[in-house]
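What follows is a short report on a single structure.
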Amino acid sequence: MKVVYNWLKDFVDVTAPPEELASRLALSGTNIGGVENGPHGAVLDAEVGSNRPDCLGHYGIAREVAAIYKLPLKHVSTKPSESAAKASDFVKVDIQAPELCGRFTARVIRNVKLQPSPKWLRDRLEASGVASISNVVDISNYVMLELGHALHTFDYDKVRDQKIVVRSTRPDEKIRTLDGVERRLDPGICMISDGDGSRAVGIGGIMGGAETEISFSTKNVLIECAWFEPVAIRRATRFLKLHTEASTRFGRGADPEMAELASRRCAELILQLAGGELLAGVVDAYPGKRALKKIRVTRAEILRVMGADLPDKEIETSLGALGFAPVRIDHNRGAEGSLLAAWECTQPSWRAEVEREIDLIEEIARIYGLEKFPPRLPAARQGAARLPHHEAETRLRERLIGLGYREILTIPHVAEERDALFRPAGVSPARLSNPLSEEAGVLRSTGIVTMAAALEWNLNHGQRNARLFEIGRHYRLNGTQSSETCILTIGATGAAREKGLYDSAREFSFADLKGDLDAIGQLAAGTQPNGFQWRDGGPDWLHAAKRGKVFLGNAELGAAGQLPRRIADRLKVRQDVFFAELELDPLYEAMQTASASRRYEPLPRFPSVDRDFSLLLANRIPFSEIADSIRSLHIAEITSIEAIDLFRGKNVPPGKYSLLVRITFQSREGTLTDAQINHFAGKIISILEHRHGAQLRAS
Amino acid sequence: MKAHENKTGLPLVQLGITRPEELAALFADLRGRFDADCARAHDESAWKQFRDAWLGRKSGVLTQISDNWLKPATPQLKRAVGASLNELRAHVESQIEARRLAIESGAEEAALAKERVDLSLPGVIRPIGSHHLIRQVFQEIEDIFFSIGFSVVEGPEIETPYYNFEALNIPEFHPVRDDMDTFYIELPKGAPTPLLLRTHTSPMQIRTMERQKPPLRVIVPGKVYRRDNPDATHSFMFHQVEGLAVDADITFCDFTGTVEYFVKQFFGPSVKTRFRPSYFPFTEPSVELDASCIFCGGTGTAAGGGTCSKCKGAAWIELFGAGMVDPAVYGFVNYDAKKVSGFAFGIGIDRMAMLKYGIDDIQVFFQNDVRFLKQFP
Ligand SMILES: [Zn+2]
Numbered sequence: 001m002k003v004v005y006n007w008l009k010d011f012v013d014v015t016a017p018p019e020e021l022a023s024r025l026a027l028s029g030t031n032i033g034g035v036e037n038g039p040h041g042a043v044l045d046a047e048v049g050s051n052r053p054d055c056l057g058h059y060g061i062a063r064e065v066a067a068i069y070k071l072p073l074k075h076v077s078t079k080p081s082e083s084a085a086k087a088s089d090f091v092k093v094d095i096q097a098p099e100l101c102g103r104f105t106a107r108v109i110r111n112v113k114l115q116p117s118p119k120w121l122r123d124r125l126e127a128s129g130v131a132s133i134s135n136v137v138d139i140s141n142y143v144m145l146e147l148g149h150a151l152h153t154f155d156y157d158k159v160r161d162q163k164i165v166v167r168s169t170r171p172d173e174k175i176r177t178l179d180g181v182e183r184r185l186d187p188g189i190c191m192i193s194d195g196d197g198s199r200a201v202g203i204g205g206i207m208g209g210a211e212t213e214i215s216f217s218t219k220n221v222l223i224e225c226a227w228f229e230p231v232a233i234r235r236a237t238r239f240l241k242l243h244t245e246a247s248t249r250f251g252r253g254a255d256p257e258m259a260e261l262a263s264r265r266c267a268e269l270i271l272q273l274a275g276g277e278l279l280a281g282v283v284d285a286y287p288g289k290r291a292l293k294k295i296r297v298t299r300a301e302i303l304r305v306m307g308a309d310l311p312d313k314e315i316e317t318s319l320g321a322l323g324f325a326p327v328r329i330d331h332n333r334g335a336e337g338s339l340l341a342a343w344e345c346t347q348p349s350w351r352a353e354v355e356r357e358i359d360l361i362e363e364i365a366r367i368y369g370l371e372k373f374p375p376r377l378p379a380a381r382q383g384a385a386r387l388p389h390h391e392a393e394t395r396l397r398e399r400l401i402g403l404g405y406r407e408i409l410t411i412p413h414v415a416e417e418r419d420a421l422f423r424p425a426g427v428s429p430a431r432l433s434n435p436l437s438e439e440a441g442v443l444r445s446t447g448i449v450t451m452a453a454a455l456e457w458n459l460n461h462g463q464r465n466a467r468l469f470e471i472g473r474h475y476r477l478n479g480t481q482s483s484e485t486c487i488l489t490i491g492a493t494g495a496a497r498e499k500g501l502y503d504s505a506r507e508f509s510f511a512d513l514k515g516d517l518d519a520i521g522q523l524a525a526g527t528q529p530n531g532f533q534w535r536d537g538g539p540d541w542l543h544a545a546k547r548g549k550v551f552l553g554n555a556e557l558g559a560a561g562q563l564p565r566r567i568a569d570r571l572k573v574r575q576d577v578f579f580a581e582l583e584l585d586p587l588y589e590a591m592q593t594a595s596a597s598r599r600y601e602p603l604p605r606f607p608s609v610d611r612d613f614s615l616l617l618a619n620r621i622p623f624s625e626i627a628d629s630i631r632s633l634h635i636a637e638i639t640s641i642e643a644i645d646l647f648r649g650k651n652v653p654p655g656k657y658s659l660l661v662r663i664t665f666q667s668r669e670g671t672l673t674d675a676q677i678n679h680f681a682g683k684i685i686s687i688l689e690h691r692h693g694a695q696l697r698a699s
Numbered sequence: 001m002k003a004h005e006n007k008t009g010l011p012l013v014q015l016g017i018t019r020p021e022e023l024a025a026l027f028a029d030l031r032g033r034f035d036a037d038c039a040r041a042h043d044e045s046a047w048k049q050f051r052d053a054w055l056g057r058k059s060g061v062l063t064q065i066s067d068n069w070l071k072p073a074t075p076q077l078k079r080a081v082g083a084s085l086n087e088l089r090a091h092v093e094s095q096i097e098a099r100r101l102a103i104e105s106g107a108e109e110a111a112l113a114k115e116r117v118d119l120s121l122p123g124v125i126r127p128i129g130s131h132h133l134i135r136q137v138f139q140e141i142e143d144i145f146f147s148i149g150f151s152v153v154e155g156p157e158i159e160t161p162y163y164n165f166e167a168l169n170i171p172e173f174h175p176v177r178d179d180m181d182t183f184y185i186e187l188p189k190g191a192p193t194p195l196l197l198r199t200h201t202s203p204m205q206i207r208t209m210e211r212q213k214p215p216l217r218v219i220v221p222g223k224v225y226r227r228d229n230p231d232a233t234h235s236f237m238f239h240q241v242e243g244l245a246v247d248a249d250i251t252f253c254d255f256t257g258t259v260e261y262f263v264k265q266f267f268g269p270s271v272k273t274r275f276r277p278s279y280f281p282f283t284e285p286s287v288e289l290d291a292s293c294i295f296c297g298g299t300g301t302a303a304g305g306g307t308c309s310k311c312k313g314a315a316w317i318e319l320f321g322a323g324m325v326d327p328a329v330y331g332f333v334n335y336d337a338k339k340v341s342g343f344a345f346g347i348g349i350d351r352m353a354m355l356k357y358g359i360d361d362i363q364v365f366f367q368n369d370v371r372f373l374k375q376f377p
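Following this line, the structure appears as structure tokens:
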């Protein structure tokens, strides 16, 4: 709301310059977005909170200023001269929906002269950012900006039967509003209608209708100044998607007592600027009159909440200036600073949201000054705990970073068709019912979707080498329940090693991905002898020949592999891309168990011996079978079995491959002799020949 | 050398020297010869030959002097010859050692010149990863609060209206809901409750208090969502750290002291804070916390003169909203509002990161351009 500095002076003799005033207002709860010095003096841009409808007018702001500077507030008193004829003889008001409209006042002014407004009025409206239309319309806007209460003026002669009926919407009702838009209405909206109530002439508290609008031919004016139920107004504005100055004020809760005063002020200004004759009295239907609440505030509670004391006088003057009329009611009345002090306050009609002791304490504190409460750092009474998986997650992250992966964070909103590319069968995604766009219509059901997008972004921006990881969640729907699962997603493309002074370039391959994942698996090694186990298979969106499932014991954590050409083409990615995704909770758990069960193993005292076996094997026999067979011999002295070279082609018969296996022997009892090693080697060769048809090649 | 050999091979008598005064010229001549030869020993083998010529046990010059001049010397000469010989020996030994050091270091120099690395060339470049900046900033915030007794908890991003709004004292049609445009999840008919993407991390205030009795101090990091069109300062997903402390005797002073401590730890001790009264349905009194502008040092004037573009001359920058927990919230979690009090805050991590590192576009956080990621190793 634009606050015109000179306008404030109508109500409070503030002398502080605008900039200082802005700062004081901000520090007492009326934030000022900026101060502009225009042709009509300084204008403060007040960012009025939704809880302060009373500050949506200059009078309300002036009350704040008066409280801050301890200045008197000049009350609005207006006594327009009235004719002998009574308003009640010329207009009837029937509120049929008191749950929507708590008060409706009507005044009538006859024989007004519609004309442009005088300069002072146009200036103030212009400073407030409101266009000038005609004196009568301008006056209703002026009074709204002055007193914070919205009014509506009708062309009296266009109102049928001199009668206003306030009711709820009728089925399939429509209205053409002042802005010329035909609007369909929802049940439960407050309608102002005329005559027998069949014709709507306005949406109560939101916008008037076009049919009874004031024009330059208007002679007689009906002033509506009413009070509408805030929740109903907000519901209606949301349905109509129509936000007006009036709906903002009524929607936040206007002052029902102000309705009559604002009407009188409006009449006074019309008489002054448009002439005419004001009919005597006001037609005032007021079914919603509220008893003013009594609220008690005690020093004990102030101390309990705020933690520091303030003098009685400060409490009383700040509450008094804001209209709460504090009265000391404890037995120690008059005893300054008594810990038992209590005040009874009366809720002013313009502060419906102040209902509780805490509300009063906030009022006192903000006017007194929050900076007067001395900050102190309280001691903790108990130890603090990190997240249960904090350590595991930290170690995982550090390992990934050590392996060369950069962490990313993505927005989980993705396009349905993208998500579908990577979504496992049978999974229902969490779709948004009100997405901002189709491109962001579902929450990712796997982290691969947004990882792919991050790689794409980099490839499209000239960054062909990327190793990325994300620790996040995927989101799914199980019937009417949602699930969020913690996942690690890895994406890699481009060079595993770039061409440099010392090394040649090498592209990232499945083996890199597998090696990196196994390095992560080692964090859980202990519970599982070698960390992760790999099994054939994996999701369809991975290359059928370059993928695998990752297990930890019997738990399937996820899968890893290369993106097949057909999907890479759809994503317009021309180079090889690798992905992996693992569920994190089971991994964290295994890491924690492994870490807790790890014990020192004394270092061997005797030397180890390597023995290489060059084997010729049928293509279908994987290394794991060879290793398993060797292990099945239960030779305790074997400490490792490694594949150190592998080749096909030249000198290798078709359908076969050559595998160089290195076995390391070591004994805790003594140095192994050649005879012992030869004995073991014999058993190994024998089982490999018999079980797998392996041929031993000279190595 | 021959000349010395000739002379040193003969006893002094044969050289016609009988008086001590005549020795000086003889020894000075030897010393001159030594110095000249020493300078000519350029490498290790020449030096070895030279050393043996002078210090060799059997036929070195010094041995010869001892054998031929000293031993047969007449009693009146013996003492003087001995003294001169010792003086010469000291000179020869020290110069030969000095020469050795000089030759060694010279050889090393030559060898090093061949092997010297070019420091202007890079080493082997290994791929190195990095933490995302948001994660770094969150960790920093977590560490600060952890150090003053705040535990860390997490919660769901897909929430119910009850936790996101109602239990936080935001009933339906509350005006605040208009400021928090909300994404809803599409659900089959008959779903027991609508589901939404949390608009703040505050639902975890309720979930934490439901699980735990006071005293409690927690922070809650996580993603939050608001249905705003993306631009340089808005993203429909961003990150918050919620904070909540509830105990029997927590006051507003404890609250301001705690958040002020955080701000000074995070931005530095010279940053000033101020609390502006504000409004949130779930805190009362509510405040916005401002810090003195970290770009212009709270002057409102940019370094090169003119208005500071970050605070627009206001000298203050809004950091985050906070306040004392509204007693109405305790009603939802069965706490006795008369016996407990507390405070809550919601820090925007992205905003903190943007302020601290001078980032002017929130979208860069989520594009994950490697060139951006590399800037914060
Ligand atoms: Zn600044």
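So the protein lines, in turn, are chains A and B. Numbering-wise, the working numbering puts 583 at position 583 of the first sequence, and it's gapless, one number per residue. Numbering-wise, the working numbering puts 205 at position 205 of the second sequence, and it's gapless, one number per residue. By construction, the Cβ of each residue, glycine as well, lies at the ideal position given by its N, Cα and C atoms. The structure displayed is predicted, hence computed values, not measured ones.
Partner residues on chain B for residue i, Cβ-Cβ distance less than 8 Å
| i | result |
| --- | --- |
| Tyr368 (chain A) | Those do not exist, as Tyr368 (chain A) stays about 11 Å from chain B at its closest Cβ, beyond 8 Å. |
| Tyr502 (chain A) | Val124 |
| Val231 (chain A) | Phe173 |
| Ala385 (chain A) | Ser151, Val152 |
| Ala117 (chain A) | Reading the sequence as shown, one finds Ser at residue 117 (chain A) and not Ala. Chain B residues near Ser117 (chain A): none, gap ~32 Å exceeds 8 Å. |
For residue i, the nearest candidate out of the options (CA to CA)
| i | options | result |
| --- | --- | --- |
| Ile175 (chain A) | A:Gly148, A:Arg574, A:Ile203 | A:Ile203 |
| Leu455 (chain A) | A:Ser88, A:Phe579, A:Gln115 | A:Phe579 |
| Trp7 (chain A) | A:Arg63, A:Ala26, A:Thr30 | A:Arg63 |
| Val449 (chain A) | A:Phe422, A:Arg691, A:Ala84 | A:Phe422 |
| Gly281 (chain A) | A:Pro80, A:Phe680, A:Gln96 | A:Pro80 |
Proximal chain A residues relative to residue i, where beta-carbon distance stays under 9 Å
| i | result |
| --- | --- |
| Thr251 (chain B) | Leu303, Arg304, Val305, Met306, Gly307, Ala308, Phe373, Arg376, Pro378 |
| Leu289 (chain B) | Those do not exist, as Leu289 (chain B) stays about 11 Å from chain A at its closest Cβ, beyond 9 Å. |
| Asp247 (chain B) | Pro378, Arg381 |
Residues bridged to residue i [DSSP beta-bridge criterion]
| i | result |
| --- | --- |
| Gln481 (chain A) | A:Asn478 |
| Cys225 (chain A) | A:Thr105 |
| Gln695 (chain A) | A:Leu616 |
Contact set between residue i and chain A, taken where Cβ atoms lie within less than 7 Å
| i | result |
| --- | --- |
| Met324 (chain B) | Val305 |
| Ser341 (chain B) | Arg304, Val305 |
| Asp361 (chain B) | None at all; the shortest Cβ gap to chain A is about 14 Å. |
| Asp231 (chain B) | Within chain A, no residue comes near Asp231 (chain B); the closest Cβ sits about 12 Å away, beyond 7 Å. |
| Arg226 (chain B) | Ordered by position in chain A, no residue passes the 7 Å Cβ test against Arg226 (chain B), which lies about 10 Å from the chain. |
Anticipated Cβ contact below 8 Å, residue i with residue j, distance rounded
| i | j | result |
| --- | --- | --- |
| Leu178 (chain A) | Ala210 (chain A) | 6 Å |
| Ile250 (chain B) | Ser341 (chain B) | 5 Å |
| Ile233 (chain A) | Gly251 (chain A) | 4 Å |
| Ala97 (chain A) | Arg167 (chain A) | 5 Å |
Neighbour list for residue i in chain A, Cβ cutoff strictly below 8 Å
| i | result |
| --- | --- |
| Pro188 (chain B) | Gly479, Thr480 |
| Met237 (chain B) | Ile411, Pro412, His413 |
Pick out the complete beta strand (DSSP E) segments inside the region 144 to 197 of chain A, 3 residues or longer, and give them in chain order. 152 to 155, 163 to 168, 174 to 176, 182 to 184, 190 to 194
If contact means a Cβ-Cβ distance below 8 Å, which residues of the region 338 to 364 of chain A contact chain D? Here the protein chains are A and B, and chain D is not one of them.
Suppose only complete runs of 3+ residues qualify. What are the beta strand (DSSP E) ranges in the region 280 to 339 of chain B, listed by chain order? Whole beta strand (DSSP E) segments, 3+ residues: 283 to 292, 316 to 325.
Please enumerate, following chain order, all residues with a beta carbon closer than 5 Å to at least one heavy atom belonging to ligand 2. In the structure on display, ligand 2 does not appear, and the ligands it does have are ligand 1.
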